[in-house]
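All residue numbers in the sequence shown are consecutive under the working numbering, ending with 348.
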Amino acid sequence: MVVKETTLALLGGVAVGAAAVLAWQGCPASASSREKAPERDGRSNARQVRAQAAFRAGGFRGLREEALVAMELALECGERIKDCSRAKQGGAAVQWKDGSIDPVTATDQANEALVTKGLRERFPGHRIIGEEATAAAGGTIPGLTREPTWIVDPIDGTQNFVHDLPLSVVSIGLCVGGVPKLGVVFDPHQDELFLAVAGEGACVDGRKIQVAPVDSLDKALVLVDVGYERSPEGIRRMTGAYAAMLQSNLQSLRIVGSSVLSVVWVACGRANAFVIGFHNEGGKPWDYCAAYVIATEAQAKVVRMDSRSYPGGLATAEPFDIYSRSCICASSPRLLSALQ
């Protein structure tokens, strides 16, 4: 890809690995965690070069500093995820939120701490809403204001990560005036860096992406997610909705296990729609913020199923907001209509 080739060229043809800079709780010390300062500096330089190349190759202009910082932090978080995966330590130091089946690992916490520190150093006047900080504070999602606000998911797809299933990403989004304006998603397993700036398009590693539009269910690959909904009513609603799609001759139904990854896969044409929120399995702001910008800039249609929302969102005229408890992301207006 353009960015990867540019990165290697600017580094004199030396490929800098995606290994973690430091060991962290949950993964054992490894050769990569004992590397000397010049090697760590080399990886830091590689992240900077790759972020700059992605921004330049994508033809972006707005929110340059914010985009570069977010991409560098996402890449560093991805290195940590990959290092854990190589060491088969995804499930190390797992905790369970409120005794539920929703896990949090030491790597989730370390990644969010890394991102929070990096953003506060570069943008001290900005607010930050992080998944793990919200969980640690009792689970109430902070309200959105019109101040610049970063919304962070340090690992989306933690269940996959715990089981060493390579379907998890880092998500960093920025809202300005209460509206998502910047989206950065890094998939460390496929080594893909997604970037979108509102009004300027969406890219993966500097290559413009767009949805693969289809008009009917019989031509569509639709992604869904059951989340952590296990109530009898929730199961009835979800399975009923899946049955209705299949009975309408849906071509394919899949569960990826990461809402962020599901949405960006619609954005780049690997799937035609993502649907979630038939009961209480819907996403939260950190599942939507960055991915929403990427999807809409790739010409996806994103709406909510109904009026259910978490408290704290700002009223807008848009058909979707990131505090919505349901989401349909579709590659065409006709497919969106078929799914509603």
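We treat Cβ as the ideally placed atom computed from N, Cα and C, and that holds for glycine.
Counted within 10 angstroms of its Cβ, other Cβ atoms place residue i as buried (16 or more) or exposed
| i | result |
| --- | --- |
| I137 | buried |
| T153 | exposed |
| P327 | exposed |
| T304 | buried |
| L347 | buried |
| P240 | exposed |
| H287 | buried |
| G248 | exposed |
Host beta strand (DSSP E) of residue i (start-end)
| i | result |
| --- | --- |
| K309 | K309 to V311 |
| A221 | Sequence check: residue 221 is Pro here, not Ala. Premise fails: P221 is in no beta strand (DSSP E) and is neither H nor E. |
| G191 | V187 to D195 |
| C337 | C335 to A338 |
| D161 | T157 to D164 |
| R135 | R135 to G138 |
| S256 | Where S256 is concerned, there is no enclosing beta strand (DSSP E), given that its DSSP letter is neither H nor E. |
| C211 | A210 to V212 |
| V264 | Premise fails: V264 is in no beta strand (DSSP E) and is neither H nor E. |
| A281 | A281 to I284 |
| L229 | L229 to V232 |
Alpha-carbon spacing of residue i relative to residue j, whole angstroms
| i | j | result |
| --- | --- | --- |
| R128 | K90 | 25 Å |
| G277 | A323 | 30 Å |
| V178 | P132 | 22 Å |
| K216 | V192 | 14 Å |
| I330 | I263 | 21 Å |
| R245 | A252 | 11 Å |
| N53 | E87 | 14 Å |
| P313 | V268 | The sequence given here has Met at residue 313, not Pro. Spanning the two alpha carbons is a distance of roughly 18 Å. |
| D161 | R72 | 21 Å |
| P319 | I149 | 8 Å |
| T124 | Q103 | 21 Å |
| V29 | R48 | Note that V29 scores 28 on pLDDT, short of 50, meaning its location in the model is unreliable; the coordinates nonetheless yield the value given after this. Each residue's Cα considered, the two are about 6 Å apart. |
| D172 | Y300 | 26 Å |
| S339 | Q117 | 34 Å |
| Q56 | G214 | 14 Å |
| Q255 | S224 | 13 Å |
| T115 | L76 | 22 Å |
| D164 | E140 | 11 Å |
| Y236 | P111 | 10 Å |
| V311 | K292 | 14 Å |
Proximity below 7 Å, CB of residue i to CB of residue j
| i | j | result |
| --- | --- | --- |
| V205 | G70 | yes |
| T113 | R135 | no |
| A62 | L190 | no |
| F194 | A82 | yes |
| A210 | A144 | no |
| G290 | R333 | yes |
| E74 | L203 | no |
| S345 | S266 | no |
Other residues of its chain near residue i: CB distance less than 7 Å, five sequence neighbours each side excluded
| i | result |
| --- | --- |
| A228 | V222, L258, Q259, N280, A281 and L343 |
| K185 | According to the sequence provided, residue 185 is Gly. The question's Lys does not apply to it. Closer than 7 Å at the Cβ level, and outside the excluded window around G185, lie R154. |
| V283 | V230, V232, I336 and L347 |
Unbroken alpha helix (DSSP H) run spanning residue i, endpoints
| i | result |
| --- | --- |
| E200 | Run containing E200: none in the alpha helix (DSSP H); it sits in the beta strand (DSSP E), E200 to V205. |
| G126 | A114 to R130 |
| V178 | Looking at the DSSP string, V178 is not in any alpha helix (DSSP H); the run it does join, the beta strand (DSSP E), is V177 to V184. |
| A346 | P341 to L347 |
| R316 | From DSSP, R316 is part of no alpha helix (DSSP H); its letter is neither H nor E. |
| E289 | Per DSSP, E289 belongs to no alpha helix (DSSP H) and is neither H nor E. |
| G277 | Note, G277: premise wrong, no alpha helix (DSSP H); not H, not E. |
| V77 | R72 to R94 |
Contact set for residue i: own chain, Cβ-Cβ below 6 Å, skip 5 residues either direction
| i | result |
| --- | --- |
| Q307 | Q218 and V219 |
| G25 | Low local confidence applies: a pLDDT of 30 at G25 is under 50, so the model's placement there is unreliable, with the coordinate-based value given in what follows. Cβ neighbours of G25 beyond the five flanking positions: none. |
| P196 | G86, I89 and K90 |
| C297 | I159, G181, P188 and I330 |
| I302 | G191, F202, A204, A210, V272 and A275 |
| G242 | H287 and N288 |
Other residues of its chain near residue i: CB distance less than 8 Å, five sequence neighbours each side excluded
| i | result |
| --- | --- |
| V234 | M246, I263 and E289 |
| S317 | D329, Y331, S332 and R333 |
| S108 | Y236 |
Proximity test, Cβ basis, 7 Å: residue i and chain E
| i | result |
| --- | --- |
| Q255 | Looking at the structure shown, chain E is missing, and only one protein chain is on hand. |
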